[in-house]
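For reference, the structure is listed below as C-alpha cells.
2 protein chains.
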Amino acid sequence: MGSSPESRAVGQPAGGGRNRSRPPTLREVASAAQLDISTVSRALRPETRDRVKPETVKRVLATAEALGYRANPFARGLKVQRSMTIGMLVPDLGNPLFPPIVRGIEDGLRDRGYAMILGNTDQDLGREENLLDVFLQRRVDGLVLATALRSYPLLQNLVDGGVPVVLVNRTTDEAPMSMVAGDDHQGVGLAVRHLADLGHQRIAFVGAALSASTGFNRYHYFRAWMHALGLEVDEELIVFAPWFTKDAGAEATKELVGRGRPFTAIVAASDMIALGCYRGLRAHGLHVPDDVSVVGYNGSRWCDEFDPPLTSIHVPKYQIGRETARLLLNMLDTADTSPASVLLPTSLQVRASTRQV
Amino acid sequence: MGSSPESRAVGQPAGGGRNRSRPPTLREVASAAQLDISTVSRALRPETRDRVKPETVKRVLATAEALGYRANPFARGLKVQRSMTIGMLVPDLGNPLFPPIVRGIEDGLRDRGYAMILGNTDQDLGREENLLDVFLQRRVDGLVLATALRSYPLLQNLVDGGVPVVLVNRTTDEAPMSMVAGDDHQGVGLAVRHLADLGHQRIAFVGAALSASTGFNRYHYFRAWMHALGLEVDEELIVFAPWFTKDAGAEATKELVGRGRPFTAIVAASDMIALGCYRGLRAHGLHVPDDVSVVGYNGSRWCDEFDPPLTSIHVPKYQIGRETARLLLNMLDTADTSPASVLLPTSLQVRASTRQV
DNA sequence: TTGAAAGCGCTAACAC
DNA sequence: GTGTTAGCGCTTTCAA
C-alpha cells in the first residue's frame with residue numbers, strides 16, 4: 030500500500046461487448062401492431078392522438094412500450110426542422126456566477142422537451158464566433174448569451190437570421206434584444222443606501238471591467254445613487270480593476286488607498302472584487318469593518334465564510350435562469366421575436382463587513 | 030453570379046446575415062456549382078475529399094462558403110446514426126465540484142465535434158432514470174455519469190445496451206465500468222500523513238454520505254492509513270454526516286465533541302464538511318487550529334478565504350474532466366467498451382487550519 | 001473522377 | 001379512422 034505520484038490505471042476484466050442493436054423503428058412497431066406506420070405515428074403523438082380510435086391507440090402504446098420504441102430525433106428533426114435544442118454561451122462555467130443560472134435555464138427548458146448545449150468563450154471573441162457557428166450548424170432553436178461584452182456586432186446578424194436570442198446579465202448597445210438580469214440599479218441603490226444609513230459619507234467605488242455591461246452599469250448607478258442620496262462623488266475615490274478578479278481588485282484598492290483621500294466605505298463591483306478590497310486594505314494595515322466597511326455584489330454562496338463575512342447584494346441567479354427559459358420558450362412558441370427585458374430584484378444581505386461609522 | 034434553376038432566396042448577403050427560413054442544402058450548393066450532389070458531399074467531407082479532383086474540391090468549397098452552407102445534422106444523423114452528442118448527469122451543477130469537471134469534459138469533447146447535454150438529478154433516482162431516458166431517446170453517443178450513488182442497477186442495462194459510459198467520481202459495485210476520479214486513497218493518505226507529520230496522534234474523522242462512493246472510500250482509506258502509519262483508530266472519533274453539507278458537518282462535529290474523547294485533529298470528508306467542523310468546534314469554544322487542526326477535501330477555490338484558510342486535499346477537477354473526455358472519445362473511436370479506470374493524483378494544500386500539535 | 005439512385009425514420013397531405 | 005405516399009437533406013453503394 031502506498032501512494033503513487035503518477036496517475037494509476039486500474040485495469041479491470043474486460044466485460045461485455047457492444048451489442049447496440051438498432052433501436053426499433055416506427056415501421057417495426059407498425060408491423061408488430063398490424064397497423065400502418067402513419068397510424069402508429071398519429072397514435073404516438075399526443076397532438077394527433079385524437080384522430081385515432083382509442084383502442085387502436087392503446088394497442089399502439091402497448092406494442093411501442095413492449096418494443097422499447099423511441100422516436101428517432103433525427104428523422105423527426107429532418108421533417109419538422111426543429112432540434113429541440115438551445116445553445117448557451119458563457120464566459121466560463123468555472124465562474125460561480127453561472128452554474129446557478131445554467132441550472133435555472135435547464136430546469137425551465139427540460140419540462141418542455143428542450144435540451145441545452147453549452148459553450149465557454151473565455152472572453153475570446155474568436156472562440157465565441159466559432160461556438161456560435163457550431164450552434165447554428167447544429168440548428169439550435171434558440172440561443173442564450175451570457176457573455177458579457179457590451180459591443181458585439183454579430184448579435185445583429187443573429188437577430189436578422191431569425192434565431193430567438195435572450196441575453197443574460199448583459200445589455201447591448203447595438204440592437205434591442207430580449208434580456209434578463211438582476212436589477213443593478215436597484216441593487217447598487219441597496220448598497221449605497223445601506224452604507225449611507227450606517228452614517229458613511231465618504232464612500233469609494235472599486236469597479237471592474239467597464240467593457241462588460243455589468244461593470245459599466247454598476248459604475249454609473251453608483252454615481253447616480255450617490256447624487257440621489259445627496260452624497261458627494263469624489264472622483265479620487267473611484268478606481269477600476271480590469272477584471273472581476275481578486276488580484277485585480279487588490280491592485281485597484283491599493284491604488285485607491287495610495288491616493289490618500291479619506292474614505293470609510295467601499296462599494297465593490299462584485300464579491301471577488303470585494304475580496305480583493307479585503308486584501309488591498311489589509312496590505313495598508315486597514316481593518317474591515319473597523320476602518321473601512323465593504324459591500325460586495327452577487328451574494329455568492331461563500332460570503333458567510335469569508336473573513337469577515339461579506340455584506341453583499343444578492344442576485345437571484347437561479348431565478349434569472351428560470352426567467353430566461355420562460356422568455357425563450359415564449360419566443361419559441363409564438364415565433365414572436367420582439368424583445369422583452371426582465372430585471373429581477375436583488376436583496377441586501379447584511380453580514381459583518383459593514384458597520385456604523 | 031450565375032443564375033441557378035433552383036430558386037434561391039434573393040438578397041441574402043453571402044456569409045453575412047443568413048436567413049434562417051431556409052438554410053442552403055447540399056442540392057443547392059450542387060446546382061450552384063454545376064455538379065452532382067454526391068460529388069459535393071464527397072468534396073465537403075475531409076475523409077472522402079481525396080476522391081475528388083482538387084480543382085473540383087476548390088470550386089465546391091468556394092460555392093459552399095459563398096452560400097453559407099452548413100451540413101444538416103439531422104440528415105447526416107439519420108444516415109450515419111450518430112448524434113455527435115454525449116449526455117452527462119450530475120447531482121447538481123450548483124455544487125462547486127462539478128462545473129470544473131463539466132468544463133474539462135466540454136473542452137475535451139469540443140475539438141472532436143462533440144457537444145454535451147447536461148442533466149441535474151438532485152440525487153433523485155426517478156429523475157435520473159427519466160433523464161437517462163431523454164438522453165437515450167436523443168441517441169446520445171455516450172454517457173458521463175457523475176451521480177454518486179454506489180448502487181444502481183440501471184447501469185448494467187446501459188452497458189448491455191452498448192452505450193459507452195464513463196463514471197466520474199464514482200465507482201459501482203454492480204458492473205465493471207470505466208471511471209475517472211481523484212485518487213482518494215492517495216489523497217486521504219496525504220491528509221493523514223500531514224497531520225501525523227505535525228505530531229497529531231488522536232485524529233478524528235468526520236465523514237459523510239456513506240452511500241456515495243467518495244464518502245465510502247474516504248472513510249475506509251482513512252482507517253487504512255491510520256493503521257499504516259501506526260496510529261490508533263478510535264471508533265469514538267469517527268462520525269458521519271448524512272450529506273456533504275455544512276449543517277450536516279456541524280451536527281456531526283458537535284456529536285463528536287460531545288463524546289468527550291480527546292482529539293487534536295480532524296480529517297473531513299469534504300471542504301463543506303470542514304466548514305461544518307469549524308462551526309461545530311466553535312460552538313464548543315474550540316479554536317482552529319490552536320485546539321484542533323482540520324484538513325478538508327477537494328481544494329475548492331475559496332479555501333484561501335475561509336476563516337482560517339483551510340488546509341485541503343486538492344482534487345484536479347478540470348483534469349478529471351479532460352481525462353473523462355479522453356476515455357469516452359477512445360471508446361467512441363474504437364468501439365471498444367472494455368472498462369478502463371483512471372485515478373488522478375491529488376495534492377496537499379497547506380493553509381492555516383493545521384498546525385504542529 | 002463523377003453521376004444516379006436507394007434509402008436512413010419520420011411527418012403530413014391526401015386518399016379511401 | 002386508417003392507409004398511401006412524397007419528401008425532409010444527407011451518405012453511400014453501384015455504374016459510367
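Sequence lines, in order, name chains C and G. Counting from 30, one number per residue, gives the positions in the first sequence under this note's numbering. Counting from 30, one number per residue, gives the positions in the second sequence under this note's numbering. All C-beta atoms, glycine included, are put in the ideal place defined by N, C-alpha and C.
Check: Own chain, CB closer than 7 Å to residue 134/G, minus 5 neighbours either side, in chain order; Outcome: 117, 145, 173, 350, 353 and 354
Check: Residue 215/G versus residue 171/C: straight-line alpha-carbon distance, rounded; Outcome: 45 Å
Check: Straight-line gap, residue 329/G to residue 91/C (C-alpha atoms, nearest Å); Outcome: 50 Å
Check: Outcome for residue 382/C when other beta-carbon atoms lying within 10 angstroms are tallied against a minimum of 16; Outcome: buried
Check: 6 Å Cβ shell around residue 309/G - same chain, five flanking residues per side excluded; Outcome: 279, 282 and 283
Check: Partner residues on chain G for residue 145/C, Cβ-Cβ distance less than 9 Å; Outcome: 146 and 147
Check: Three-way DSSP call (helix, strand, coil) for residue 378/C in this model; Outcome: strand
Check: Contact list for residue 167/C against chain G, beta-carbon separation under 7 Å; Outcome: 102 and 144
Check: CB contact flag (residue 229/G, residue 297/G, <8 Å); Outcome: no
Check: According to DSSP, residues forming a beta bridge with residue 388/C; Outcome: The structure shown does not extend to residue 388/C, since chain C is modelled only from 30 to 386, so the question has no answer here.
Check: Same chain, Cβ closer than 6 Å to residue 209/C, neighbours up to 5 away in sequence not counted; Outcome: 197, 349, 352, 353 and 371
Check: Short CB-CB distance (under 8 Å) between residue 99/C and chain G; Outcome: yes
Check: Beta-carbon proximity list for residue 224/C, same chain, < 8 Å, skipping 5 on both sides; Outcome: 232, 294, 296, 322, 324 and 383
Check: Within-8 Å CB hit, residue 161/G to chain C; Outcome: no
Check: Contacts of residue 259/C in chain G (Cβ-Cβ under 8 Å); Outcome: Within chain G, no residue comes near residue 259/C; the closest Cβ sits about 35 Å away, beyond 8 Å.
Check: Contacting positions in the stretch 314-329 of chain C - beta carbon closer than 8 Å to chain G; Outcome: none
Check: Same chain only: Cβ atoms within 6 Å of residue 35/C, ignoring 5 sequence neighbours per side; Outcome: The predicted position of residue 35/C is uncertain, since its pLDDT is 33 and thus under 50; a value taken from the coordinates is nonetheless stated next. Excluding residues within five positions, none has a Cβ falling inside 6 Å.
Check: CB contact below 8 Å: residue 335/G versus chain C; Outcome: yes
Check: Nearest to residue 130/C (by Cα), restricted to the options 142/C, 147/C, 141/C and 114/C; Outcome: 147/C
Check: Helix, strand or coil at residue 370/G according to DSSP, with G and I counted as helix; Outcome: strand
Check: For residue 104/C and residue 241/C, the rounded distance between their alpha carbons; Outcome: 42 Å
Check: Cβ contact (3+ pairs, closer than 8 Å) linking the stretch 246-257 of chain C and the stretch 283-292 of chain C; Outcome: no
Check: Same chain, Cβ closer than 6 Å to residue 248/G, five either side skipped, listed in chain order; Outcome: 236
Check: Chain C contact residues for residue 132/G, given Cβ-Cβ distances below 8 Å; Outcome: 121, 122, 123 and 149
Check: Inter-residue CB distance, residue 219/G and residue 377/G (contact presumed, cutoff 8 Å); Outcome: 4 Å
Check: Residue span of the alpha helix (DSSP H) that contains residue 237/C, given as start and end; Outcome: Taken as a continuous stretch (DSSP letters only), residue 237/C belongs to no alpha helix (DSSP H), being part of the beta strand (DSSP E) at 232-237.
Check: Alpha-carbon to alpha-carbon, residue 109/C and residue 85/C; Outcome: 25 Å
Check: Cα-Cα separation between residue 53/C and residue 191/G, rounded to whole angstroms; Outcome: 15 Å
Check: Limits of the beta strand (DSSP E) - the one that residue 208/G falls within; Outcome: 207-211
Check: Bridge partners - residue 294/C, DSSP secondary structure assignment; Outcome: 232/C and 322/C
Check: Simplified DSSP assignment, three categories, for residue 269/C; Outcome: strand
Check: Continuous beta strand (DSSP E) assignments of at least 3 residues falling wholly in the stretch 102-181 of chain G; Outcome: 114-119, 144-149 and 171-174
Check: Within-8 Å CB hit, residue 285/C to chain G; Outcome: no
Check: C-alpha distance - residue 79/G paired with residue 73/G, whole-angstrom precision; Outcome: 10 Å
Check: Run of the alpha helix (DSSP H) containing residue 317/G, from where it starts to where it stops; Outcome: Where residue 317/G is concerned, there is no enclosing alpha helix (DSSP H), given that its DSSP letter is neither H nor E.
Check: For residue 81/C: DSSP bridge partner residues; Outcome: Partner(s): none; residue 81/C has no beta bridge.
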